[in-house]
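2 protein chains.
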Amino acid sequence: MSQYIYKPALFVLQIMKILKNSVCAVKGIKAAGKFVGIKSASKKKDLAIIYSEKLCNAAAMYTKNHVKGAPLYVTEEHLKNGKAQAAIVSSGIANVCTGKKGIEDAKEMCSLAAKELGLKKDDVLVASTGLIGAYLPMDVIKKGIQGIKNELSNDSSNAAEAILTTDNFKKEIAVQVDNITIGAICKGAGMIHPNMATMLCFIFTDADFSSLRLKKMLKKSVDKSFNMISVDMDTSTSDMAVLMANGLAGKISEDKFQKALDFVCVELAKMVAVDGEGATKLIEVDVINAKSEAEAKLLAKAVITSNLVKAACFGNDPNWGRIMSAIGCSGVKFKEDKVDIYFNDKSLVKGGKAASFDPNEVSKSMKTEKLIIKIDLNEGKGNGTAWGCDLTFDYVKINAHYHT
Amino acid sequence: MSQYIYKPALFVLQIMKILKNSVCAVKGIKAAGKFVGIKSASKKKDLAIIYSEKLCNAAAMYTKNHVKGAPLYVTEEHLKNGKAQAAIVSSGIANVCTGKKGIEDAKEMCSLAAKELGLKKDDVLVASTGLIGAYLPMDVIKKGIQGIKNELSNDSSNAAEAILTTDNFKKEIAVQVDNITIGAICKGAGMIHPNMATMLCFIFTDADFSSLRLKKMLKKSVDKSFNMISVDMDTSTSDMAVLMANGLAGKISEDKFQKALDFVCVELAKMVAVDGEGATKLIEVDVINAKSEAEAKLLAKAVITSNLVKAACFGNDPNWGRIMSAIGCSGVKFKEDKVDIYFNDKSLVKGGKAASFDPNEVSKSMKTEKLIIKIDLNEGKGNGTAWGCDLTFDYVKINAHYHT
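Chains as they are written, first to last, in numbering that gives the first Met the number 0: chain A, 0 to 403; chain B, 0 to 403.
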């Protein structure tokens, strides 16, 4: 899809206000983004800096892939004291499988940005996204960082653009709750290009929290959002989500902040899912009344990651047998004869067997930008939601010929 | 691919002889296959019977999917005493998610076949493959079984054809070791249609073994073959592999028999992998020198099930970054800087980093019917091999529009 317009539920609008300009809507945050020469073929923007006027408490979560990009090691090192003031991000080359030189390059990016911004190098975080196995062109990066301080502005769009790879649209969001603001930019396109260093997310806030609290809240939100999109199946070598809080707007209750952070992360995750390579629609899988939340999540993920389900959704095919098979493979034990399945609220399965429905009518109803598959286990009170996209001709096309 | 011609390695030919006519090459085994009316649209053969003159010791392995087809429950029940004399198989409808009526239908198939063949109903095994959620048309099945005894012959080809669904070619093999013969037919098309009740395999032998030994040997062979093709990712609701031994040719050493059984199962598994919907090539992933065999297998499976690797293979794209990312996601810890990767014996990665190679040359060498990806961990002595196929436009086409 070429873009994704989120429509916040009513309860969201009652407790928070949607703002424009994402990270730059946050007090004290400036950003810049430009073309320096990494994406030499496309000449698209490839370097971003996000800067906070004040030192932030910060936390991050990283990919679980055993093969990690060099920038992740450096960012983790720099976050040991829970403090950061800026993030520098390059796109086009992921700086993964690059050995000692890769680590040195990532460190140099921090040093160069720190010098330019007048910070300690340990207070700069670094991320790179793009092709695996190539070295960063440090000469053009060095040149590009020079003078970037003067390019910092209150407009987030250049930075949001500069972190993209094969994404079709910028992923930005900002919300205000009481006096505090959370703003974030994100990149990634579903489960579908680990070698493009799938998912990066930079969340800034002017709320005041310790790095320990930030870490705890970030984990909660990520588990509900980025960990529930089909990214997980092919976890990238470079996935990273960073949360930085400069405290300029003061305190807010942890509960309120968590709700707002959840909303920010879920909306960004949905943008990532729907921007899956070749995707024509967003698929949401709602599992309800499972024995536990953990089991509901496992079941939802099993469905969203099934190639067969994804291909059927592309073909607007109400093929519920594939859903039954997918949940059967999840490892969760459930009562087959209690399972109900709905596609966009139309009943397809009742008590584990085919309900009476008109396949043509259901197929027609599937031709939307958002398909909701609801699975009711009728066993307990555990609910879980996962998001993904359909599997299409364009997915194969893009991924068969990306590298060469 | 439209067919698959296996080329046995020299060591195989030294210890066993390849025979024609699969199951019917085994002493005392007869088979029949015909169209009875389940596949009413295509009019293709849809009912098979394989019959042994003498009661067999028998063992089977079943899908691990929590949602199981009715025939699996009935076959498991009938195999409790380790004895069987015939198998009846229908194709077109899987008899899955069909509740009590499904169980009754599967039992009736056994009773009808038993009556026709003059056997006890408990000595007949049953399997069905095809669409999930529909009931079997028992009227045409009943009519079809009547008189099938007279159609039994020493030609396996009708039975081999009648168990197929979307398969492109019959999957048959027979080998002779010393005086004994193993013959098998199989159906399935890779990981890619659980709702077509993926994989069925019927192996017959005239060797003499107890059902306990058969079970043990079958498990060993299945773990090396069917459990190492990408079927595992979307384990079907109806997977079943049966081994029946009538003892008519007498005894053989367990070691010799195991080698022959391994060969039979691996060749059939490769046929299934290469017949994956839309596949243009067989992919073999050889992981060598891992810390253990178990880890080598996990790593090989992680690569063979990656959509990104499969799509790259379709595009003849030597995209080794996707291999590194896939093994990184396997859950196995390994030394990244010791990894070597080869495509068809051409070195792509040396010590975890890009080797010097000509992408165009490697890409050209990938345009074969069989691509071998070798991953050398240089850490231990564990080896493991997995097989699969590429991800193509035709895969999406077939699976987007199968049901409706």
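Note that beta-carbon positions come from the ideal geometry of N, C-alpha and C, so glycine has one too.
Terminal residues of the beta strand (DSSP E) in which residue i lies
{"i": "M227 of chain B", "result": "That residue, M227 of chain B, is in no beta strand (DSSP E); it is neither H nor E in DSSP."}
{"i": "N315 of chain B", "result": "Here N315 of chain B belongs to no beta strand (DSSP E), and DSSP marks it neither H nor E."}
{"i": "A40 of chain B", "result": "Here A40 of chain B belongs to no beta strand (DSSP E), and DSSP marks it neither H nor E."}
{"i": "C388 of chain B", "result": "G381 to C388"}
Own chain, CB closer than 6 Å to residue i, minus 5 neighbours either side, in chain order
{"i": "S346 of chain B", "result": "A354"}
{"i": "G32 of chain B", "result": "K44, A47, N157, A158, E160 and A161"}
{"i": "G182 of chain A", "result": "S21, V22, A24, V25, A173 and F203"}
{"i": "K219 of chain A", "result": "none"}
{"i": "V404 of chain B", "result": "Given that chain B is displayed from residue 0 to residue 403, the structure contains no residue 404 of chain B and the question cannot be resolved."}
{"i": "T403 of chain B", "result": "Its pLDDT being 39, under 50, T403 of chain B is placed unreliably in this model, and the value from its coordinates should be taken loosely. Around T403 of chain B: no qualifying Cβ."}
{"i": "K170 of chain A", "result": "C185, L267 and M270"}
{"i": "S51 of chain A", "result": "G27, I28, Q84 and N245"}
{"i": "Q257 of chain A", "result": "M216"}
{"i": "M108 of chain A", "result": "I87 and V125"}
{"i": "N315 of chain B", "result": "S362, M365 and K366"}
{"i": "S224 of chain A", "result": "C264, V265 and A268"}
{"i": "G143 of chain A", "result": "V35 and L46"}
{"i": "S90 of chain A", "result": "D45, T128, G129, I162 and T164"}
Beta-carbon contacts of residue i that lie in its chain and below 7 Å, excluding the five residues immediately before and after
{"i": "A310 of chain B", "result": "L390"}
{"i": "V308 of chain B", "result": "V302, R321, I322 and A325"}
{"i": "C328 of chain A", "result": "A301"}
{"i": "K380 of chain B", "result": "N288"}
{"i": "R212 of chain A", "result": "E253"}
Within chain B, partners of residue i - CB distance below 7 Å
{"i": "S235 of chain A", "result": "S324"}
{"i": "G327 of chain A", "result": "N64, H65, V66 and T236"}
{"i": "L78 of chain A", "result": "Under the 7 Å cutoff, chain B gives no residues; its nearest Cβ is about 22 Å from L78 of chain A."}
{"i": "A310 of chain A", "result": "V395, N398 and A399"}
{"i": "L260 of chain A", "result": "Near L260 of chain A there are no residues of chain B at all, since even the closest Cβ is about 27 Å away, more than 7 Å."}
{"i": "K332 of chain A", "result": "H65"}
Cross-strand partners of residue i (DSSP beta bridge)
{"i": "M243 of chain B", "result": "B:A57 and B:F203"}
{"i": "K170 of chain A", "result": "A:C185"}
{"i": "K373 of chain B", "result": "B:D285 and B:Y341"}
{"i": "A86 of chain B", "result": "B:I49 and B:L124"}
{"i": "A31 of chain B", "result": "B:I48"}
{"i": "I17 of chain A", "result": "A:V174"}
{"i": "I179 of chain B", "result": "B:V176"}
{"i": "S346 of chain A", "result": "A:Y341"}
{"i": "A353 of chain A", "result": "A:V348"}
{"i": "G129 of chain B", "result": "B:G91"}
{"i": "S152 of chain B", "result": "B:A30"}
Residue i, enclosing alpha helix (DSSP H) - first and last residue
{"i": "F342 of chain A", "result": "Segment D339 to F342 is the beta strand (DSSP E) holding F342 of chain A; no alpha helix (DSSP H) there."}
{"i": "L71 of chain B", "result": "A69 to H77"}
{"i": "D122 of chain B", "result": "Where D122 of chain B is concerned, there is no enclosing alpha helix (DSSP H), given that its DSSP letter is neither H nor E."}
{"i": "C96 of chain B", "result": "Here C96 of chain B belongs to no alpha helix (DSSP H), and DSSP marks it neither H nor E."}
{"i": "Q145 of chain B", "result": "Where Q145 of chain B is concerned, there is no enclosing alpha helix (DSSP H), given that its DSSP letter is neither H nor E."}
{"i": "A299 of chain A", "result": "E292 to I303"}
{"i": "S329 of chain A", "result": "Counting along the chain, S329 of chain A falls outside any alpha helix (DSSP H), and DSSP gives it neither H nor E."}
{"i": "C404 of chain A", "result": "Chain A is shown only over 0 to 403; residue 404 of chain A falls outside these bounds and no answer can be derived."}
{"i": "K250 of chain B", "result": "From DSSP, K250 of chain B is part of no alpha helix (DSSP H); its letter is neither H nor E."}
{"i": "E160 of chain B", "result": "S156 to A161"}
{"i": "V66 of chain B", "result": "Counting along the chain, V66 of chain B falls outside any alpha helix (DSSP H), and DSSP gives it neither H nor E."}
{"i": "A399 of chain B", "result": "F392 to A399"}
{"i": "N359 of chain A", "result": "P358 to S364"}
8 Å Cβ cut-off: residues of chain B touching residue i
{"i": "G351 of chain A", "result": "C96 and G98"}
{"i": "K300 of chain A", "result": "Correct list: empty, because the minimum Cβ distance to chain B is about 13 Å."}
{"i": "D339 of chain A", "result": "Residues of chain B passing the Cβ test: none, with the nearest at roughly 12 Å."}
{"i": "L424 of chain A", "result": "Because chain A here runs from 0 to 403, residue 424 of chain A falls outside it and cannot be looked at."}
Proximity test, residue i beta-carbon vs the ligand SAH heavy atom, cut-off 7 Å
{"i": "T128 of chain B", "result": "This structure does not include the ligand SAH; it has no bound ligands of any sort."}
Contacting residues, own chain, Cβ-Cβ under 8 Å from residue i (five flanking each side not counted)
{"i": "A196 of chain A", "result": "Summary for A196 of chain A: the model assigns pLDDT 44, below 50, so the residue's position carries little reliability, and this model does not support an answer."}
{"i": "L54 of chain B", "result": "K82, A83, Q84, D122 and N245"}
Below-8 Å beta-carbon distance, residue i vs any chain E residue
{"i": "V395 of chain A", "result": "Although the question refers to chain E, the structure presented lacks it and instead comprises the protein chains A and B."}
Beta-carbon neighbours of residue i, restricted to chain A and to distances below 8 Å
{"i": "D336 of chain B", "result": "G98"}
{"i": "L111 of chain B", "result": "Per Cβ cutoff of 8 Å: no residues; L111 of chain B is ~24 Å from chain A at best."}
Under 9 Å by beta carbon: chain B residues contacting residue i
{"i": "T391 of chain A", "result": "V395 and A399"}
Cross-chain neighbours of residue i in chain A, by beta carbon under 9 Å
{"i": "K296 of chain B", "result": "The contacting residues do not exist; K296 of chain B stays about 17 Å from chain A at best."}
Chain-ordered neighbours of residue i on chain A, where CB pairs are closer than 7 Å
{"i": "N153 of chain B", "result": "Residues of chain A passing the Cβ test: none, with the nearest at roughly 37 Å."}
Stretch-stretch touch, CB-based, cutoff 8 Å, three pairs: the region 235-242 of chain B with the region 352-371 of chain B:
no
If contact is defined by three or more beta carbon pairs under 8 Å, each pair taking one atom from either stretch, is the region 131-143 of chain B in contact with the region 243-260 of chain B?
no
So, does the region 45-65 of chain A touch the region 210-218 of chain A, judging by three or more C-beta pairs under 8 Å?
yes
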